[in-house]
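Scroll down for the structure; my scribbles are underneath it.
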Amino acid sequence: MTDEVVDLLVIGGGPAGLSAVRAYREEGGKGRVMLVSADPDSPYDRPPLSKDFLRGDASEDDLGLLEDGELSRLEVTWARDRVTAVDVAARHVGTREGAGFTYRTLVLATGANPLPLPVPGGDDASVLRLRTLADSKRLREAVGSARTVAVIGSGFIGCEAASSLRRLGLEVVQITNEDAPQEKRLGAEAGARIAGWLEADGVRLITGATVTAIEGGTVRLRDGDDVTADVVLTAVGVQPASQLAAEAGLSLHEGRVVVDAHMRTSADGVLAAGDVVHAFNTAAGRALSVEHWFDAETMGKIAGRTAAGVDDAEWSDPPGFWSQIGDRWLKYAAWGDGYAQARFEAGAGDAFTVWYHDENGAVVGALTYEADENYDKAFSLLG
Ligand SMILES: Cc1cc2nc3c(=O)[nH]c(=O)nc-3n(C[C@H](O)[C@H](O)[C@H](O)COP(=O)(O)OP(=O)(O)OC[C@H]3O[C@@H](n4cnc5c(N)ncnc54)[C@H](O)[C@@H]3O)c2cc1C
1 MTDEVVDLLV IGGGPAGLSA VRAYREEGGK GRVMLVSADP DSPYDRPPLS
51 KDFLRGDASE DDLGLLEDGE LSRLEVTWAR DRVTAVDVAA RHVGTREGAG
101 FTYRTLVLAT GANPLPLPVP GGDDASVLRL RTLADSKRLR EAVGSARTVA
151 VIGSGFIGCE AASSLRRLGL EVVQITNEDA PQEKRLGAEA GARIAGWLEA
201 DGVRLITGAT VTAIEGGTVR LRDGDDVTAD VVLTAVGVQP ASQLAAEAGL
251 SLHEGRVVVD AHMRTSADGV LAAGDVVHAF NTAAGRALSV EHWFDAETMG
301 KIAGRTAAGV DDAEWSDPPG FWSQIGDRWL KYAAWGDGYA QARFEAGAGD
351 AFTVWYHDEN GAVVGALTYE ADENYDKAFS LLG
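375 is the number that the working numbering gives to position 375 of the sequence shown; each next residue is one higher, with no gaps.
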């Protein structure tokens, strides 16, 4: 049992946690800095796990996020451990390995975890999910000796994984309760385009389907034939990893840690950033929940700067991300909390843009394919 005093303690080794320690040092933050991460792997790039890494076009070495010697240069101590308790009154955390730390400033950057499909068999160990490097390696290994795979879910990760697995030569069936992939989030026209791409890549899509159970390799559907596959992958959304924050009594909104634009939580000395937060964005004029790589990195940077004493570090960037389905890149810039109307604009060839408007006609986001000028325009309209 150890008990140490640290100036900055960051929980989580994803983009939010890593950028927090980097920004803290860049702003001249002093003293002992500790980063505790439950992931046994050193920080890595998560987006390729459903794209080039899954397809075998990128190796594990390509994913590393740390430069050689970076942590020692930043004087950051890295601990592979899981924080199990946070006491905000005592400014103390305890870990699974029995370590204890008293902090001056704490950053919670615990991210999110994939949800199990809430049906019998949905949380069986044989049903795979995709969040970590270990998950992606396990999926690669499982499909190495497989012929067929069922992907349940049609969010970005489900669509990316389905097209990547198809590239590996597997027979892929993708099952979704939507009428077209991502229709609810992106609109009917975008959903139809994505469906066309997946089908052109050879993915068999089953839409409007309700999965009632997963039994071994059999996916049972309410109306329709069961699907049997060698490997079953579910990609049905994530839940924020906010249990520590909830137990510590921090304010939450729909399971996410509420932070202001400086990433300050409801507790003194406690900041939070990334997928786990519901954060105030000054350009939007309201709080947002986003699950995007660059936004996690941006929020982590703001948390690190705030921890170092910068008082004007604020989240003001419009959120956005890119997604790769086969060889196609979709780019999305949006507040992400809904729209009243989706307006499809065809470009040259296959290019398109979907503009999202609120009830007053103002642009609240855009989805683009081969229309970078509109992606840039969306950022300037939102920002
Ligand atoms: C397969 C896949 C593909 C993706 N593709 C894209 C993409 O193309 N574009 C995009 O914008 N986004 C993408 N994302 C989403 C993006 O990866 C996340 O938005 C981003 O990783 C969030 O960063 P974060 O630092 O908040 O959390 P995470 O990256 O989830 O990191 C959280 C860290 O906290 C650690 N942790 C959690 N609890 C504890 C604890 N109690 N103690 C210690 N450590 C703990 C975890 O081990 C982990 O290291 C993808 C995600 C996945 C899974």
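Ideal Cβ placement from N, Cα and C applies to all residues, glycine included. Fair warning: this is a prediction, and the values are worked out from it, not measured in the lab.
In three-state terms, what does DSSP make of S323? strand
Where does M299 sit, in a helix, a strand or coil, going by DSSP? helix
Terminal residues of the continuous beta strand (DSSP E) containing Y369? V363 to Y369
For a quick check, are the C-beta atoms of L381 and V363 less than 8 Å apart? Yes, Cβ-Cβ distance for L381 and V363 is below 8 Å.
DSSP bridge partner residues for M34 (one or two, in chain order): L9 and T77
Buried or exposed: where does K30 fall if 16 or more other Cβ atoms within 10 Å of its Cβ makes it buried? exposed
Taking C-alpha atoms, which residue in A348, S72, A342 and G13 lies nearest to R80? Per the Cα distances, G13.
Can you tell which of R22, V151 and D3 has the C-alpha that lies nearest to the C-alpha of V211? V151
Looking at the strands, I want to know which residues DSSP matches up with I206. I175
Would the segment 163 to 171 and the segment 47 to 59 be scored as touching if the rule is three or more Cβ pairs under 8 Å? yes
C-alpha gap between L108 and K377, whole angstroms: Taking the CA atoms as reference points, L108 sits about 33 Å from K377.
What residues in its chain sit with their C-beta under 6 Å from that of V227, if we drop five residues either side in the sequence? A150, V173 and V219
Could you spell out the range, first to last residue, of the alpha helix (DSSP H) harbouring Q243? Q243 to E247
With three or more C-beta pairs closer than 8 Å as the rule, is the segment 241 to 257 touching the segment 199 to 213? No, because fewer than three Cβ pairs between the segment 199 to 213 and the segment 241 to 257 fall closer than 8 Å, the two stretches do not touch.
What is the DSSP secondary structure of G69, reduced to helix, strand or coil? coil
Are there any heavy atoms of ligand 1 lying less than 7 Å away from the beta-carbon of W293, as far as the coordinates show? yes
Check whether L271 and A307 have beta carbons under 8 Å apart: yes
Considering only DSSP beta bridges, list what E60 is partnered with. In DSSP, E60 forms no bridge with anything.
Within 10 Å of its beta-carbon, does N360 have 16 or more other beta-carbons around it, so buried, or fewer, so exposed? exposed
Ligand 1 heavy atom lying under 7 Å from the CB of L250: Relative to ligand 1, even the nearest heavy atom lies 7 Å or more away from the CB of L250.
For A351, which of Y339, A334, A333 and N374 has the nearest alpha-carbon? Between A351 and the set Y339, A334, A333 and N374, the nearest pair of CA atoms involves N374.
What residue range does the alpha helix (DSSP H) around K331 cover? Premise fails: K331 lies in the beta strand (DSSP E), R328 to A334, not in any alpha helix (DSSP H).
From A188 to Y339, what distance separates their C-alpha atoms? 13 Å
Beta-carbon spacing of S42, G17 below 8 Å: no
With 16 as the cutoff for other CB atoms within 10 Å, does P120 come out buried or exposed? exposed
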